[in-house]
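Here the protein sequences line up with chains W and V, keeping their order.
According to our numbering, the residues represented by the first sequence are 1 to 306, in order.
According to our numbering, the residues represented by the second sequence are 1001 to 1306, in order.
Positions of the beta carbon are idealized from the N, C-alpha and C atoms, including for glycine.
Keep in mind the model is a prediction, meaning the values are calculated, not measured.
There are 2 protein chains.
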Amino acid sequence: MEEIKIFCAATIANISCGFDVLGLALDNVGDEMIVRKVPQKGVTITKIIGQNLPLETHKNVAGVAALALLSKVDTDFGFEIEIYKNIKPGSGIGSSAASSAGAVYGINELLGRPFSNHDLIEFAMQGERLASGVAHADNVAPALLGGFTLVRSTAPLDVLKIHTPNELYATVIHPQIEVKTSDAREILRSSVPLKTAIKQWGNIGGLISGLYTEDYDLIGRSLEDYIVEPIRSILIPAFNSVKTESIKSGALGAGISGSGPSIFALSEGSKNASKVAIAMKKVYDKVGIAYDVHISKINTEGIKKL
Amino acid sequence: MEEIKIFCAATIANISCGFDVLGLALDNVGDEMIVRKVPQKGVTITKIIGQNLPLETHKNVAGVAALALLSKVDTDFGFEIEIYKNIKPGSGIGSSAASSAGAVYGINELLGRPFSNHDLIEFAMQGERLASGVAHADNVAPALLGGFTLVRSTAPLDVLKIHTPNELYATVIHPQIEVKTSDAREILRSSVPLKTAIKQWGNIGGLISGLYTEDYDLIGRSLEDYIVEPIRSILIPAFNSVKTESIKSGALGAGISGSGPSIFALSEGSKNASKVAIAMKKVYDKVGIAYDVHISKINTEGIKKL
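This is the structure:
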C-alpha cells in the first residue's frame, strides 16, 4: 500500500462526570486525510483544506504526532499528508485529536501495522501536547479505538475501550464563539470537596455500568457533573437553557463537550437525537448566536479507511 | 410461613477506589438470625448469642431497621428476632449491616414480600444510622442484593448491582484492635486535590469495567485508593506490610475493609486467596497482633434462607 485515505472521527471528551477520563467517537463528523509514502524521509504536510493551519511539520499536530511514531521505527522513506479539515479548531470536539490520530493511524497502516491502535495513542498524544500544552488522551483515545474510552491512568498510560450500546446517539451544537482550552483549564479549582468527589465517582460507576448493561435510563441518571460543569458552563452562552431544553425534548443527559464551547447530549435512538437538535437550535436562534449542529451515532470503530 | 432462619452476609465496603460507593458481600462469613411472627405487635429481640449487644428494640440496629419497615405496613401481629452473631462489631466487615439487613429481609419474607430487596435498603439504613450516626448504604446494599453493589447516589437513593466475576475471592484479616468508624471519619480531609480525585474516578471506571468484562488484571490495576487509604491506614498496624505481602503472594489488590481495621484482598481463584491468607497471617504473627482470617468467594445472592 502506497497511499491511504481515512476518515478521522470527531470526539467528545469528558462526558459530564467523566472529566479527564472519558471520551467517545462520532460517526459522521470528522476530517479526511490522505497519507502517502514518498521516497524522501520525514513528514511533509502538503495540503490543508478547510482551515488555516500551519503546514510546517513541527508546528502542525499531525506532523508532530507522525514524527513521534517515526522516532520509534527505521524507514528509508517518508510520508506526505493531506488534511481535509471539517472539524473547526477550538470547537471542543477534538479537532487536533482527529489530525494527530489520523496521521499516526495512516502511517501505521502504510508501515504494515507495527503498532496496535492502543500503541498509537501515545504518539497521537504528542500532537495534543502541541495543541494545548498537555499530552492528554481524552480525545485521541476514542478517535483511535472508537466507542467510549476510559483513560484509567495516564502514568503509566492505561486506556480501556468500554462497551457502547447500539442505540446511543450524540447531538452536538457548536456555538460560534471561542473558548480557549487553556482558559477553560485555568478557571478550574485545584481542589474539590470530598463529598462532591464521591458524588462524581458514584456517577462514573453508574455511567460505566449503564454502558455495559445498555441501561439507557441509568446512563441518563449518571450524566451529572458536579465539579467542572458548574464552573466551565459560565463561559458558554445559554448553556443551562440548551441543557434543560435537550433533556426536556428527550435527551438522556447533556453536558460540555471537551472544554467547550460545544454542548453535547446523548439520546436513545436517532429520532430522539434529532428532536434534541431542534431544541438546541431553538435556544441559540432566540439568543442570536450562530451554530453548527451534528447528530451522530456513536462510532465504535474510530478511524475508518475510505 | 411463621418463622424464617437466615444467613446474614458480612460485607466489605469502600473497596479501595470506591470510597462511600462500592461494597461486596461475603459467602461464608456472616451472622444467623431467626425471625418469627408473634401475636404481639411490634418487634422484640429475644436473644443475642455471641456478642454483648443491647436487646432493647430501639437500641438495637436490627430492631430499629425492623421498626422502619413496619412503619410502612399495617400488621395485626408482630415479630421476634434471635440473633446469632459471628461478625464482631467494629471489625469493619459490616456487623451492624448484617443485623439490620437480616431483620428487614426476614420480616419482609414473613409478610409475603411486599418490598423488593432494593426497597429494603432504605429500612436497613436506619440501623446503620443508629450504629454510626450516618444512614449509609455501603454495607446494607451488598448484604441485601449480593455481589458487588454501587451506591450511585444517596439522595435520591440509587443502588446498582454490578456483575461479579465467578472466580473472584476475598481474603479478609481482622486484627484484634479497635478503630471506631467515627474516628476513621474524623481524620479524613474535607477536600481533595482535583488531580487526585481524577485518578480515583479513573480507577472506579476501571474497576467497574473490569468486573463486567471479568478482566482480573484490570480489576487489580484499578484497586488503588489515593484519597482515603493513605490517611486511614495509619490507624491500622502493619497495613502496608499486609497489603504488600498480599499482592506479592498473588492478590489482585488489597485495601481497608470499610473503615477498618480489617484489611481485604481480592484474588482470582480460591488457591490464590488461600495463599494471600497465609501471607497476611505471617505479617501479624511477626508483629504479635491477634487476628481472625476469612477466605470467601464473593456471595452473589446476599442474604440466604437456611
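- Contact annotation: the segment 256–267 of chain W does not touch the segment 1178–1194 of chain V, with fewer than three C-beta pairs closer than 8 Å.
- Think of a sphere of 7 Å around the beta carbon of V:Asn1203: the chain W residues whose beta carbon falls inside it are Arg152, in chain order.
- Any Cβ of chain V closer than 7 Å to the Cβ of W:Leu157 would place that residue at the interface, and such an atom is absent.
- For W:Glu3, the enclosing beta strand (DSSP E) stretches over residues 3–13.
- Residue environment analysis places W:His58 among the exposed positions, since fewer than 16 neighbouring C-beta atoms fall within 10 angstroms of its C-beta.
- Ranked by Cα distance from W:Ser182, the first of W:Gly146, W:Gly18, W:Ala131, W:Leu55 is W:Ala131.
- Only Leu1188, Arg1189, Ser1190, Ser1191, Val1192, Pro1193, Leu1194, Lys1195, Thr1196, Ala1197, Ile1198, Lys1199, Gln1200, Trp1201 from the segment 1187–1201 of chain V bring a Cβ to less than 9 Å from some Cβ of chain W.
- Membership of V:Tyr1169 in the beta strand (DSSP E) is indicated by the continuous run 1168–1175.
- The segment 62–148 of chain W is shown to contain whole beta strand (DSSP E) runs of 3 or more residues at 78–84, in chain order.
- Looking at the backbone, the Cα of V:Ile1087 and that of V:Ala1098 are separated by about 8 Å.
- Excluding the 5 residues flanking it on each side, V:Leu1235 has same chain C-beta neighbours closer than 8 Å at Val1179, Asp1183, Ala1184, Ile1187, Gly1260, Pro1261, in chain order.
- Interface with chain W (7 Å Cβ-Cβ cutoff): V:Ile1208 is included.
- By the CB criterion at 7 Å, V:Gly1253 and V:Leu1266 fall inside the cutoff.
- In the pairwise beta carbon analysis, the segment 137–149 of chain W is classified as touching the segment 18–35 of chain W: at least three pairs are separated by under 8 Å.
- In this structure, V:Ile1263 places its C-beta atom within 7 Å of the C-beta atom of V:Ile1173.
- In the displayed model, W:Phe239 falls within a helix according to three-state DSSP.
- As computed with DSSP, V:Asp1031 is found in a beta bridge with V:Cys1008.
- For W:Ile162, the chain V residues whose Cβ falls inside 7 Å of its Cβ are Ser1209, in order along the chain.
- Interface flag for W:Tyr212 against chain V is set, since a Cβ pair is found closer than 7 Å.
- Interface criterion met: the Cβ of V:Asp1020 is under 7 Å from a Cβ in chain W.
- In this structure V:Glu1245 is buried. Its beta-carbon is surrounded by 16 or more other beta-carbon atoms within 10 angstroms.
- For V:Ser1222, the chain W residues whose C-beta falls within less than 8 Å of its own C-beta are Arg152, listed in chain order.
- The continuous stretches of beta strand (DSSP E) do not include V:Ala1290, and DSSP gives it neither H nor E.
- Listed in chain order, the non-local C-beta contacts of W:Glu122 below 7 Å within the same chain comprise Leu157, local neighbours out to five positions each way being set aside.
- With fewer than 16 other Cβ atoms inside 10 Å of its own Cβ, V:Asp1076 counts as exposed.
- Within the DSSP bridge table, the entry for W:Pro193 names V:Ser1191 as partners.
- For V:Leu1168, the closest C-alpha among the options V:Asn1052, V:Arg1113, V:Tyr1212, V:Asp1119 is that of V:Tyr1212.
- In the three-state reduction of the DSSP assignment, V:Val1283 falls in the helix class, which pools H, G and I.
- In chain order, Ile173, Tyr291, Val293 place their CB closer than 8 Å to the CB of W:Lys281, counting only its own chain and leaving out the 5 sequence neighbours on each side.
- Under DSSP, W:Glu268 shares a beta bridge with W:Leu168.
- Membership of V:Leu1160 in any alpha helix (DSSP H) is not indicated; the residue belongs instead to the beta strand (DSSP E) covering 1157–1162.
- Between V:Leu1306 and the set V:Phe1019, V:Gly1102, V:Ser1091, the nearest pair of CA atoms involves V:Gly1102.
- DSSP places V:Ala1251 outside both helix and strand once states are collapsed to three, so it counts as coil.
- Distances from the alpha-carbon of V:Ile1162 to those of W:Glu128, W:Glu301, W:Gly202, W:Ile227 put W:Gly202 closest.
- Comparing alpha-carbon positions, the option among V:Arg1152, V:Pro1089, V:Glu1229 lying closest to V:Ile1177 turns out to be V:Pro1089.
- With a 10 Å radius around the Cβ and a threshold of 16 neighbouring Cβ atoms, V:Asp1020 comes out buried.
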